[in-house]
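Sequences listed follow chains A and B, in order. According to my numbering, the first sequence is numbered sequentially starting from 1. According to my numbering, the second sequence is numbered sequentially starting from 296. We put the beta carbon where it would ideally sit given N, CA and C, even for glycine. This report refers to the structure that appears directly beneath it.
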Amino acid sequence: MVEYYGTDRLKRGLAQMLKGGVIMDVTTPEQAVIAEEAGAVAVMALERVPADIRKEGGVARMADPKIVEEIRDAVSIPVMAKVRIGHFTEALILQSLEVDFIDESEVLTPADEKYHIDKKEFAVPFVCGARNLGEALRRIAEGAAMIRTKGEAGTGNVVEAVKHMRTMNEQIKRVVLADDEELIVLAKEWGAPLYLLEEVRELGRLPVVNFAAGGIATPADAALMMWLGSDGVFVGSGIFKSNNPRERARAIVEAVTYWREPEILAEVSKGLGEAMKGIDVSKLSEEELLQNRGW
Amino acid sequence: MMVTIGVLAVQGDFEEHMAMLETLGVEVKDVRLPRDLHGIDGIILPGGESTAMTTIMLRRGMWDALKKAFEEGLPAYGTCAGSILLAKDIGAGSDRVKPFGMIDMVIERNAYGRQIASREVFLEEHELGEDEPLHAVFIRAPRIVKVGPAVKVLATYDGDPVLVREGNFLASTFHPELTDDYRVHEYFVKMVKGEV
Numbered sequence: 001m002v003e004y005y006g007t008d009r010l011k012r013g014l015a016q017m018l019k020g021g022v023i024m025d026v027t028t029p030e031q032a033v034i035a036e037e038a039g040a041v042a043v044m045a046l047e048r049v050p051a052d053i054r055k056e057g058g059v060a061r062m063a064d065p066k067i068v069e070e071i072r073d074a075v076s077i078p079v080m081a082k083v084r085i086g087h088f089t090e091a092l093i094l095q096s097l098e099v100d101f102i103d104e105s106e107v108l109t110p111a112d113e114k115y116h117i118d119k120k121e122f123a124v125p126f127v128c129g130a131r132n133l134g135e136a137l138r139r140i141a142e143g144a145a146m147i148r149t150k151g152e153a154g155t156g157n158v159v160e161a162v163k164h165m166r167t168m169n170e171q172i173k174r175v176v177l178a179d180d181e182e183l184i185v186l187a188k189e190w191g192a193p194l195y196l197l198e199e200v201r202e203l204g205r206l207p208v209v210n211f212a213a214g215g216i217a218t219p220a221d222a223a224l225m226m227w228l229g230s231d232g233v234f235v236g237s238g239i240f241k242s243n244n245p246r247e248r249a250r251a252i253v254e255a256v257t258y259w260r261e262p263e264i265l266a267e268v269s270k271g272l273g274e275a276m277k278g279i280d281v282s283k284l285s286e287e288e289l290l291q292n293r294g295w
Numbered sequence: 296m297m298v299t300i301g302v303l304a305v306q307g308d309f310e311e312h313m314a315m316l317e318t319l320g321v322e323v324k325d326v327r328l329p330r331d332l333h334g335i336d337g338i339i340l341p342g343g344e345s346t347a348m349t350t351i352m353l354r355r356g357m358w359d360a361l362k363k364a365f366e367e368g369l370p371a372y373g374t375c376a377g378s379i380l381l382a383k384d385i386g387a388g389s390d391r392v393k394p395f396g397m398i399d400m401v402i403e404r405n406a407y408g409r410q411i412a413s414r415e416v417f418l419e420e421h422e423l424g425e426d427e428p429l430h431a432v433f434i435r436a437p438r439i440v441k442v443g444p445a446v447k448v449l450a451t452y453d454g455d456p457v458l459v460r461e462g463n464f465l466a467s468t469f470h471p472e473l474t475d476d477y478r479v480h481e482y483f484v485k486m487v488k489g490e491v
């Protein structure tokens, strides 16, 4: 019997299985277990959460393979890990460790200022960040099987994730109403491949799963992103930088299932203690903005 | 006969199942809380993470409500994670998954390997009527290692049962909802209507 491996359907399919779920950043096997117990659909293995990367500075790289393996072996849910933009050797290493998903992430220090990874060459699926439809479609053309908003990681401030999701929604609406000659103009303006714009016009949405990420800190933030059309949510620093990670993780998981039920959101938000402190994004300089990495 | 089929929507690819059922002309309802079980004639447990689904269902009475509905005869079809939830025995090391135990089978989670071992195949060995092979998408799929005498095997892959039925309960370790192959869903709709 012929068996097909690493097809687009399989890569995008795994992302579809994660829908309606929360993917949590973890730095230790113990945190990974807490995430799984709280109902996370996957964990993102990394050495430092974005808030610490922001604070400590220096070059942020792929996590130590030993940490990735320990986290991988601690849980039964899918394990993701981050590589630097353009660093395909880090991606080959993670693929050899059999991680389930690779995040080519602006949270780490970019390794290539011009090229992103040619993700079609990999059997493992990739997720990439995007601020708008053109960026999302460029990543999909390179082989990304899943998109997430970039937001502004490590700030605990949802404003940028909202902006990116709203921008994508507005642009998708424009595409749906565009006729053929307008679509070519949009392809030029946004730097988006025409064949993918045509696909978006037909589907009325991105051809891959689209999660929210970058600044989600509370159950209400998570529910807001679901209302805006996110398929699910990544929470980075928001959980393990808060006072009560276990309870907060559970609450955000419930918020992503019951985003249309304000009574449940109120209940799960009660008494969670302090969320991560957070940063006013407008006070950050251009150089401090992680979202400007990649193009 | 018009039927309404619910799709468990606590987590997973429930939208894909709903779209497939809508194409088949069935009334569809998403099910997140016990109150949503009212008025449905059958339910699909989608693909996703069985640990997350269990955790979420246990918190708001959904698990108990579904178990009771199954015992009272509500037909169900589970894909992948959903098939794990319908099994009687999920082997070792899965203490964060609480299955409903409606199909007499032993099923092991992620038994074919991690994502890199996920695969698409066209199954020749199946009993869904037509000669066309069945398009089967396995994603971090569980493996049915043993079935009881009352379980009917409707398709196999490499000797393993991958589509099974016991009474009102149907389970596949693959994802027809990710393909254009409607036959398993059609079969389930017929099951709900009492035609097969």
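Quick check on the DSSP output: the beta strand (DSSP E) that includes P471 of chain B runs from which residue to which?
Careful: P471 of chain B lies outside any beta strand (DSSP E) and carries neither H nor E.
Quick check on the burial criterion: 16 or more other C-beta atoms within 10 angstroms. Buried or exposed for N292 of chain A?
Of the other Cβ atoms in all chains shown, fewer than 16 fall within 10 Å of the Cβ of N292 of chain A; this residue is therefore exposed.
Uninterrupted alpha helix (DSSP H) stretches inside the stretch 299–354 of chain B (no shorter than 4 residues):
Qualifying alpha helix (DSSP H) stretches, in chain order: 309–318 and 345–354.
Taking the DSSP output, what are the residues bridged to C128 of chain A?
According to the DSSP secondary-structure assignment, C128 of chain A is paired through a beta bridge with A:E104 and A:I147.
In terms of residue numbering, what span does the beta strand (DSSP E) encompassing F395 of chain B cover?
It is not in any beta strand (DSSP E) - F395 of chain B carries neither H nor E in the DSSP assignment.
Under 8 angstroms between the Cβ atoms of A382 of chain B and I402 of chain B?
It is a contact, given that the beta carbons lie within the stated cut-off.
Give the DSSP bridge partners of G373 of chain B, in chain order.
Answer is B:L340 and B:A466.
Do G191 of chain A and R131 of chain A have their C-beta atoms closer together than 8 angstroms?
Taking a C-beta distance under 8 angstroms as the contact criterion, G191 of chain A and R131 of chain A do not qualify as a contact pair.
Could you name the residues of chain A that D308 of chain B contacts, counting a contact when the two beta carbons are closer than 7 angstroms?
Ordered by position in chain A, the residues that pass the 7 angstroms Cβ test against D308 of chain B are Q16, M17 and K19.
Helix, strand or coil at R260 of chain A according to DSSP, with G and I counted as helix
When DSSP states are grouped into helix, strand and coil, R260 of chain A belongs to the coil group.
Contact belief for A371 of chain B with L340 of chain B at Cβ below 8 angstroms, rounded distance in angstroms:
Their Cβ separation, rounded to whole angstroms, is 6 angstroms, which keeps A371 of chain B and L340 of chain B in contact under 8 angstroms.
Quick one: which chain A residues come within Cβ less than 9 angstroms of T451 of chain B?
For the C-beta of T451 of chain B, not a single chain A residue is nearer than 9 angstroms; the gap to the nearest is close to 11 angstroms.
Does the stretch 108–124 of chain A come within contact of the stretch 63–73 of chain A, defined as at least 3 CB pairs closer than 8 angstroms?
Contact fails: fewer than three Cβ-Cβ distances are below 8 angstroms.
Assuming R268 of chain B is part of the beta strand (DSSP E), what are its boundary residues?
Only positions 296 to 491 of chain B appear in this structure, which leaves residue 268 of chain B out of reach.
Quick check on DSSP: helix, strand or coil for H480 of chain B?
Three-state result, H480 of chain B: helix.
One question on the structure: do G343 of chain B and V41 of chain A come within less than 8 angstroms of each other, judged by their Cβ atoms?
Contact: yes.
DSSP three-state assignment for W29 of chain A, whether helix, strand or coil:
The question names Trp, but residue 29 of chain A in the sequence shown is Pro. DSSP places P29 of chain A in helix when its eight states are reduced to three.
T346 of chain B: buried (16+ other C-beta within 10 angstroms of its C-beta) or exposed?
Flag for T346 of chain B reads buried.
Please classify D359 of chain B: does DSSP put it in a helix, a strand, or coil?
In the structure shown, the three-state DSSP call for D359 of chain B is helix.
The ligand FAD heavy atoms versus the CB of H430 of chain B: any closer than 7 angstroms?
Absent from the structure shown: the ligand FAD. Ligands present: none.
Distance, Cα to Cα, T28 of chain A vs E98 of chain A?
Approximately 18 angstroms between the Cα atoms of the pair.
Give me the subset of the stretch 325–353 of chain B whose CB atoms are less than 7 angstroms from a CB atom of chain A, sorted by chain position.
Shown in chain order are the members of the stretch 325–353 of chain B whose Cβ falls below 7 angstroms from a Cβ of chain A: R327, G342, G343, E344, T346, A347, T350 and I351.
To the nearest angstrom, how far is the alpha carbon of K349 of chain B from that of K393 of chain B?
Strictly speaking, residue 349 of chain B in this sequence is Thr, with Lys absent from that position. C-alpha separation (whole angstroms): 6 angstroms.
According to the neighbour-count rule (16 or more other Cβ atoms, all chains shown, within 10 Å of its Cβ), is L203 of chain A buried or exposed?
Classification for L203 of chain A: exposed.
8 angstroms Cβ cutoff, A387 of chain B in contact with chain A
Proximity of A387 of chain B to chain A, defined by a Cβ-Cβ separation below 8 angstroms, is not satisfied.
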